[in-house]
Structures are given as C-alpha cells and as structure tokens.
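Chains as they are written, first to last, in my numbering: chain W, 1 to 356; chain Y, 357 to 680.
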Amino acid sequence: MRKGIVRFSVNYVQILDENGKCSESTELTNEQVKEIYELMVLSRIFDEKSVKLQREGRLGTYPPVRGQEAAQVASAYALDKKDWMIPAFRENASMIVRGLPMEMLLQYWGGDERGQKIPADQNNLTFAIPVGTQPLHAVGIAWASKIMGDKIASLVYFGDGATSEGDTSEAMNFAGVFSLPLVFACMNNQWAISVPRKKQTAAETIAQKAIAFGFDGIQVDGNDVFAVYKATKDALEKARSGKGPTLIELFTYRMGDHTTADDASRYRKKSEIDEWLKKDPIERLRKYMESNKLWTKDYEEKLLVKSGKKVEDAIKKYESVPMEDPGKIFEYVYAGMTEKLENQQKSLERQDESKS
Amino acid sequence: MMLNMAQAINLALKQEMEKNKKVVLLGEDIGVDGGVFRVTEGLLERFGPNRVIDTPLAESAIIGTSIGMAIYGLKPVAEIQFDGFLYPALDQLISHAARIRNRSRGRFTCPLVVRIPCAGGIHAPEHHSESPETHIVHTPGLKAVMPSTPYDAKGLLTAAMRDPDPVVFFEPKKLYRSPKQEVPEKDYDIPIGKAGVTKEGGDVTLVSWGTMVHVCAEAAEKLKGKNIDAEIIDVRSLSPLDTETILNSVQKTGRAVIVHEAPRTLGLGAEIAATISEADILSLKAPVKRVTGFDIPMPLAKHENLYLPDAGRVSRAAEEVMKF
Ligand SMILES: Cc1ncc(C[n+]2csc(CCOP(=O)(O)OP(=O)(O)O)c2C)c(N)n1
Ligand SMILES: [Mg+2]
Numbered sequence: 001m002r003k004g005i006v007r008f009s010v011n012y013v014q015i016l017d018e019n020g021k022c023s024e025s026t027e028l029t030n031e032q033v034k035e036i037y038e039l040m041v042l043s044r045i046f047d048e049k050s051v052k053l054q055r056e057g058r059l060g061t062y063p064p065v066r067g068q069e070a071a072q073v074a075s076a077y078a079l080d081k082k083d084w085m086i087p088a089f090r091e092n093a094s095m096i097v098r099g100l101p102m103e104m105l106l107q108y109w110g111g112d113e114r115g116q117k118i119p120a121d122q123n124n125l126t127f128a129i130p131v132g133t134q135p136l137h138a139v140g141i142a143w144a145s146k147i148m149g150d151k152i153a154s155l156v157y158f159g160d161g162a163t164s165e166g167d168t169s170e171a172m173n174f175a176g177v178f179s180l181p182l183v184f185a186c187m188n189n190q191w192a193i194s195v196p197r198k199k200q201t202a203a204e205t206i207a208q209k210a211i212a213f214g215f216d217g218i219q220v221d222g223n224d225v226f227a228v229y230k231a232t233k234d235a236l237e238k239a240r241s242g243k244g245p246t247l248i249e250l251f252t253y254r255m256g257d258h259t260t261a262d263d264a265s266r267y268r269k270k271s272e273i274d275e276w277l278k279k280d281p282i283e284r285l286r287k288y289m290e291s292n293k294l295w296t297k298d299y300e301e302k303l304l305v306k307s308g309k310k311v312e313d314a315i316k317k318y319e320s321v322p323m324e325d326p327g328k329i330f331e332y333v334y335a336g337m338t339e340k341l342e343n344q345q346k347s348l349e350r351q352d353e354s355k356s
Numbered sequence: 357m358m359l360n361m362a363q364a365i366n367l368a369l370k371q372e373m374e375k376n377k378k379v380v381l382l383g384e385d386i387g388v389d390g391g392v393f394r395v396t397e398g399l400l401e402r403f404g405p406n407r408v409i410d411t412p413l414a415e416s417a418i419i420g421t422s423i424g425m426a427i428y429g430l431k432p433v434a435e436i437q438f439d440g441f442l443y444p445a446l447d448q449l450i451s452h453a454a455r456i457r458n459r460s461r462g463r464f465t466c467p468l469v470v471r472i473p474c475a476g477g478i479h480a481p482e483h484h485s486e487s488p489e490t491h492i493v494h495t496p497g498l499k500a501v502m503p504s505t506p507y508d509a510k511g512l513l514t515a516a517m518r519d520p521d522p523v524v525f526f527e528p529k530k531l532y533r534s535p536k537q538e539v540p541e542k543d544y545d546i547p548i549g550k551a552g553v554t555k556e557g558g559d560v561t562l563v564s565w566g567t568m569v570h571v572c573a574e575a576a577e578k579l580k581g582k583n584i585d586a587e588i589i590d591v592r593s594l595s596p597l598d599t600e601t602i603l604n605s606v607q608k609t610g611r612a613v614i615v616h617e618a619p620r621t622l623g624l625g626a627e628i629a630a631t632i633s634e635a636d637i638l639s640l641k642a643p644v645k646r647v648t649g650f651d652i653p654m655p656l657a658k659h660e661n662l663y664l665p666d667a668g669r670v671s672r673a674a675e676e677v678m679k680f
C-alpha cells in the first residue's frame with residue numbers, strides 16, 4: 001500500500017501592496033499607523049547616520065537595517081511591553097521601538113559594552129553575534145515564562161543564514177515539543193553576507209521548516225508594515241493563549257552592505273537592488289498615508305527635522321560619554337572578582353601608572 | 357547517612373529543589389529513567405515534569421535553553437549525559453553562558469549548573485571517558501568543580517546551585533559507586549574556590565582532583581613504605597583555583613607532583629606548575645612534575661589503563677622529585 005499521509009501548505013500574506021493599496025483592514029488606528037511610520041523614519045535616519053559615522057571613524061563596524069524597517073519596526077511594535085524580544089545583531093530598529101536609547105546602540109557599535117546594559121524595565125536581550133545561537137535562549141526564556149506561569153510571549157529574530165545553523169533547528173524542535181509561547185521571526189533579507197537565500201536551503205520557503213517541527217509557518221511580505229504587524233500580533237496572541245510557537249518568515253531585503261566592513265557589489269547585481277527599491281517599506285506606507293490623508297509634505301518636513309534632531313542628540317550623548325574606567329573590564333566576569341582577576345586588575349593599573 | 361557519590365548528588369538535588377522552587381532539572385533520560393547513572397532517580401516522581409524535564413536529544417539546546425531560563429530567573433541544572441557529548445554545547449557555554457554578565461555589564465546573569473559525568477576507568481565506549489575540564493577552566497566567566505568524595509559532592513553541588521554564575525559540575529563516573537561515606541542529611545555547602553588537604557605530609561605535595569585523588573592516596577601509601585611523607589591536595593575547585601592552599605603546601609614541602617587524567621598539554625597541571633614557579637620558585641627543592649594522561653585520544657577499554665595515571669606512576673614521580 002502507498003498513500004499520502006501528510007500534506008501541507010504555506011500561506012503568504014500581504015495587506016499593503018507596492019502601490020500603497022490596502023487589501024484588508026489594518027487593525028491599527030490612524031495614530032498607530034503614524035507612530036509606526038515615525039519610528040521607521042527615525043530608524044532610517046539613525047541607520048544612515050550610523051553608516052556615516054563609521055565612515056568618519058566615529059563608530060565601529062555597523063550592520064545597516066536599510067530596507068528592513070517594516071519587518072523590524074512592525075514586529076517589535078506588535079509586542080507588549082512585558083513580552084521578551086530576543087534580537088540577532090541587526091535589529092537596531094527593533095531595539096529603538098522597544099525603547100533602547102539610540103545613544104546606547106551607538107555606544108555598543110562604538111565598542112563599549114555599556115551600550116548593551118539593557119535598561120532594567122526593558123525585556124530585550126542583548127545582541128547575539130554568533131549566528132543562530134540566540135533562538136535557543138529565546139526558547140529558554142519562553143519556557144521559563146511558561147513554567148513560572150507568566151502570561152507573556154517572546155519573539156526571537158534570526159536571519160535566513162541562521163536557519164542553516166543546527167541550533168536554530170534545535171530551538172524550533174524544542175519549542176514545538178514543549179508548545180512554548182514563542183514567535184520565531186526569520187528576517188529573510190535574501191542574503192547572508194555573500195551567500196544568497198537559495199544557497200542556504202533547498203526548501204522553497206523558510207516558513208515551511210516549521211511544519212517539520214510540528215507548528216505553523218507563514219511567509220509574510222516583510223516590506224508591508226500591516227502584514228508584518230498582523231502576522232506577529234496573531235502569532236503572539238496564539239502563543240499567549242497556550243497554542244504554541246509560530247514561524248514567521250519576513251520576506252524582505254537587505255538594501256545595504258552586510259556591514260560597513262562589507263562591499264556587497266562584489267557579489268550582487270545593482271539590478272536586483274533596483275527591483276527591491278520599488279518595494280521600499282517606508283515609501284509604501286507613505287503612499288498609503290497620503291491617500292488616507294495621514295500624510296502631508298508639511299508633516300514630513302517636520303518629522304524629518306524632529307527625527308534628525310533626536311539622532312543628533314543621541315550622537316552628542318554618545319560622543320560625550322566618558323570612557324569606562326579601565327579596571328571595569330575585570331568586574332563583570334563573575335558576580336564577585338576572583339583573586340586572580342583582582343591581581344590582573346592591579347597589574348593593569350600599574351601598567352597605566354608607568355605609562356603616564 | 358551512608359551514601360555513595362551518586363546518592364549524595366541525588367540528595368543534594370532533592371534538598372535544593374525542595375528549598376528553591378526555581379531549580380529545574382533538564383537533560384536526556386533524566387526523568388522517567390532517572391538518568392543513565394540513576395543520579396536523578398525518583399526526582400520526576402517527586403517534583404513533576406515541569407521541574408524534571410526529559411528533553412529531546414540535543415546538547416547545544418539543553419545548554420542554550422538553560423541559558424534563557426537562567427536569564428529569565430529560573431535555576432536550571434542541566435545534565436550532559438557523558439563528557440564526550442559536551443562538545444556540541446561548548447559554543448553555548450563559551451559564547452553565551454560565560455559572557456552574558458559581562459556583555460550586558462551586569463544587566464543579565466546566567467546562574468546555571470551543568471552536571472557532567474566525566475573521566476575514565478569504567479571501560480566505557482569511545483567518547484564516554486573524556487576529561488574536558490581544561491576547556492571550561494580556560495573560559496573566563498565559567499566556574500568548574502569536581503568532587504572526589506560523596507561528602508564533597510553534596511556540599512559542592514549545593515554551593516554550585518547557589519552560585520550567581522554558571523558552574524560546571526564534573527562527576528567522576530568511576531566514583532559514583534565507590535565506597536559509601538557518612539554524608540550529613542543537613543544542609544551544608546563547600547565553598548567554590550577552596551581546595552582541601554586530604555592528607556598532611558612534609559616531603560612532597562601531590563596535587564590532584566576527581567578520581568586521581570584516590571590514586572594519589574594509594575601512591576602515598578606506597579611512598580610511606582619508602583619513608584616519604586606525601587601531602588595530598590584535592591583541588592576540588594578547578595576554577596577559580598585555590599592557589600593559596602597549593603602554595604602553602606609547596607612552601608612547606610618544597611616539592612610538587614601534579615596528577616590529572618586529562619591530556620598533559622595545556623592541562624590544568626601546566627597552569628598550576630606555572631603558578632608555583634611564578635609565585636615561589638625559591639621554595640622549590642626540585643622541578644615540579646606532572647603525571648597525566650598522554651596527548652592521545654583516550655584509548656578504548658583494553659588500553660585505558662595504559663593511559664590513566666596509577667599509583668605506580670605517581671609514586672615513581674614522587675621518588676624522582678625526592679631524589680633530585
Ligand atoms: C556562527 C557564526 N558564523 C559566522 C559568522 C559571521 N557572520 C556574521 S553575519 C553572517 C551572515 C548572517 O546571515 P543572516 O543570518 O541571513 O543574517 P543577516 O546578516 O542577513 O542579517 C555571517 C556569516 C557569525 N557571526 N557567527
Ligand atoms: Mg540574511
């Protein structure tokens with residue numbers, strides 16, 4: 001005997017098309033739409049400025065967000081304050097939405113650990129640079145919240161490249177087995193440095209990987225704020241109501257270089273970028289807002305000035321923070337310093353004295 | 357109570373779980389089966405499946421999710437079933453557990469315990485007799501302990517479960533069912549970072565941990581017959597290392613033999629030898645000697661005795677430093 005025993009399908013969701021036309025209701029008030037738009041604009045100015053600062057030698061290596069603003073902002077916006085957000089390393093815009101001061105982002109990318117001392121009232125984990133390692137932390141966090149009976153959900157970001165790491169599969173497997181309140185938000189920006197999405201997996205979509213782990217996967221137009229928001233919101237609600245995890249593939253594009261240390265023209269064509277330029281997430285929302293009388297030139301000008309000033313203020317703060325006391329590099333290895341670390345700290349102080 | 361090491365560990369887990377509702381155990385086959393060494397026997401029945409969790413088979417995930425739990429506020433005690441299967445989880449331990457406090461400048465901490473049955477001498481298959489402690493000790497941000505007696509096992513594990521930082525707790529498999537010892541039922545801990553002097557002596561200091569402490573005791577008996585009075589230090593806490601106890605002893609005896617099962621090159625013995633010579637070369641009457649595993653993959657059962665330091669090798673080394 002031979003018969004089909006499993007069939008699956010994967011949905012694709014788009015609400016706002018490339019021309020700014022909406023196919024269904026957005027579930028957002030006009031005020032919320034404006035707030036999301038303003039966060040996206042702020043993120044983009046921050047992003048452009050950060051790249052510039054790096055070029056001027058005022059910031060370290062920086063991973064640009066450009067092109068992924070809808071995917072980052074609308075998903076982070078869907079979270080409740082108490083929910084946990086577990087970022088990879090490119091989620092600068094998500095962090096801004098979640099309230100991390102921009103000067104702290106700059107501080108971190110400028111090479112100062114204090115930039116990742118997440119404020120105590122924010123449930124955002126630190127950036128994770130080792131690709132694909134953080135989904136497991138998210139599973140642990142979601143698991144702990146479930147064990148402790150807290151009525152929250154968690155969301156973890158990871159890239160298309162990260163789906164090839166074993167840890168990411170282990171994370172989805174555990175989340176499925178224990179039916180954890182977690183949303184897997186895969187930022188499929190089509191590239192992992194120079195490796196295109198097709199060379200990362202033979203699967204037709206990343207979303208369908210969830211099927212193998214026993215839960216739903218959905219592909220979402222990641223440049224469509226409304227679709228990203230709705231898919232995330234639904235998945236978070238499903239998580240909170242005890243119905244387990246969801247994988248959301250946010251289909252988007254990395255418009256910039258991988259980081260400021262990368263030159264993407266070595267491995268991808270300009271024509272590809274031009275195609276994606278037409279799908280720009282901010283421009284798309286702007287068109288929608290304009291036709292719904294939520295946007296005027298005057299509003300835009302004021303917004304640009306206001307956002308530009310916020311970023312400039314953050315840069316000022318970042319650049320005026322005094323260097324961390326050198327001895328501090330020994331102080332956060334353990335809760336208390338070991339004798340060995342105390343000795344090494346003293347030897348560093350002596351070196352400092354002999355230099356001056 | 358008279359307990360062997362496996363029972364002492366079980367008791368420590370049980371008592372701490374009763375005391376601290378945040379302690380959860382997770383690992384492969386630790387629940388229904390009670391662990392392949394029966395160390396977690398009876399705990400699932402007592403504490404239920406939310407606190408004694410049989411996980412899918414994935415070491416990196418066991419540690420990676422424990423990290424998330426610890427960050428959130430639980431006290432996970434994860435078991436890696438055998439030493440040789442720690443390696444898939446090393447990335448999570450080294451890249452995250454060890455660093456989250458530093459990375460976040462103290463905003464997040466990772467107070468988890470990883471229990472690992474370790475070391476050889478039980479004729480196990482390949483990958484079941486490893487001594488991977490150097491990888492842990494070499495990683496800033498992790499702590500590592502290894503008991504050699506049931507009494508120490510209970511006290512050290514209790515301390516590990518109350519520590520604010522990640523602690524790797526090595527359990528020498530060969531000692532799980534070695535002779536029982538009186539273990540107090542009452543709550544006690546043995547501070548991490550403190551070595552023990554298990555036998556006093558004036559001629560030569562034998563420094564070791566885990567199974568090798570017993571090999572040193574046997575060697576000390578042999579040496580007695582040759583009029584050599586050995587002092588034995590059970591390092592117990594591999595990181596942080598109690599250099600004070602070691603240096604005090606070497607100051608007295610002027611001679612040291614370091615004994616460990618792990619391969620020689622860059623084993624913890626190298627660090628201890630360097631520490632002694634940096635701190636106190638003038639008290640030494642002879643070069644520090646090491647008796648260790650060889651720099652080869654751990655041999656399978658038939659040849660494992662060639663690899664493992666035994667009382668003969670240790671006593672010969674001690675005689676050599678006495679003759680120097
Ligand atoms: C484990 C690991 N391997 C390699 C790297 C180097 N690296 C940094 S980002 C990256 C590509 C990541 O691609 P993806 O997951 O798609 O995220 P994206 O950069 O597109 O946001 C690589 C290879 C790393 N940080 N971690
Ligand atoms: Mg990518």
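Cβ coordinates follow ideal geometry from the N, Cα and C atoms, glycine included.
At least one heavy atom of ligand 2 is found less than 7 Å from the C-beta of ASN189/W. Using a 10 angstroms sphere on the CB of MET358/Y, the tally of other CB atoms stays under 16, which defines it as exposed. At a beta-carbon threshold of 7 Å, the residues of chain W lying near VAL380/Y are ILE147, ordered along the chain. Rounded to whole angstroms, the gap between the alpha carbons of LEU59/W and THR163/W is 29 Å. Between SER43/W and VAL73/W, the gap from beta carbon to beta carbon is short of 8 Å. For GLN219/W, the secondary structure class from DSSP, reduced to helix, strand or coil, is strand. In this structure, ligand 2 has no non-hydrogen atom nearer than 7 Å to the beta-carbon of ALA368/Y.
Within 7 Å of the C-beta of PHE158/W there is at least one heavy atom belonging to ligand 1. Between the region 485-494 of chain Y and the region 403-413 of chain Y there are fewer than three inter-stretch CB-CB distances shorter than 8 Å, so the stretches are not counted as touching.
Distances between the C-beta of ILE118/W and the heavy atoms of ligand 1 are all 7 Å or more.
Contact annotation: in the region 505-528 of chain Y, residues whose CB is within less than 7 Å of a CB in chain W are PRO520 and ASP521.
Taking C-beta separations shorter than 7 Å and ignoring five residues to either side along the sequence, the partners of VAL97/W in its chain run LEU39, VAL73, ALA76 and TYR77, following chain order. Using a cutoff of 7 Å, the CB of GLY132/W does not count as near ligand 2, since none of the ligand's heavy atoms is closer than that.
TYR12/W carries a strand assignment under DSSP once its states are collapsed to helix, strand and coil. For TYR299/W, the nearest beta carbon of chain Y is not closer than 8 Å to its own beta carbon.
With three or more CB-CB distances shorter than 8 Å, the region 473-488 of chain Y counts as touching the region 652-660 of chain Y. Secondary structure of HIS491/Y (DSSP, three-state): helix. Taking 8 Å as the upper bound for CB-CB distance, PRO506/Y and MET361/Y are in contact here, some 5 Å apart.
For the pair GLN14/W and ASP160/W, the CB atoms are not nearer than the 8 Å cut-off. Chain Y places a beta carbon closer than 8 Å to that of ALA171/W, counting this residue as a contact. DSSP, reduced to helix, strand and coil, places ILE86/W within a strand of the structure shown. Between ASP257/W and chain Y, the shortest Cβ-Cβ separation is not below 8 Å. With respect to ALA453/Y, LEU468/Y sits close: the two C-beta atoms are nearer than 8 Å.
Boundaries of the alpha helix (DSSP H) around GLU574/Y: 567-580. With a threshold of 8 Å between beta carbons, LEU664/Y makes no contact with chain W. DSSP links VAL433/Y through a beta bridge to LEU381/Y and VAL469/Y.
When GLY420/Y, HIS570/Y, MET425/Y and CYS466/Y are compared, the shortest CA-CA separation from ASP447/Y is found for GLY420/Y.
Pairwise C-beta distances place the region 113-120 of chain W out of contact with the region 136-146 of chain W, as fewer than three of them are shorter than 8 Å. Looking at the backbone, the Cα of GLN351/W and that of GLU342/W are separated by about 14 Å. With a threshold of 7 Å, the Cβ atom of GLY67/W does not count as near ligand 2, since no heavy atom of the ligand is closer than that. Between THR490/Y and chain W, the shortest Cβ-Cβ separation is not below 8 Å. As computed with DSSP, ILE419/Y is found in no beta bridge at all. Proximity of chain Y to GLU113/W at the Cβ level (cut-off 9 Å) is accounted for by ASN458, ARG459, SER460 and ARG461, in chain order. DSSP places ASN661/Y in the helix class (H, G or I) of the three-state scheme. From the beta-carbon of PHE184/W, no residue of chain Y is found nearer than 9 Å; the closest lies around 14 Å away.
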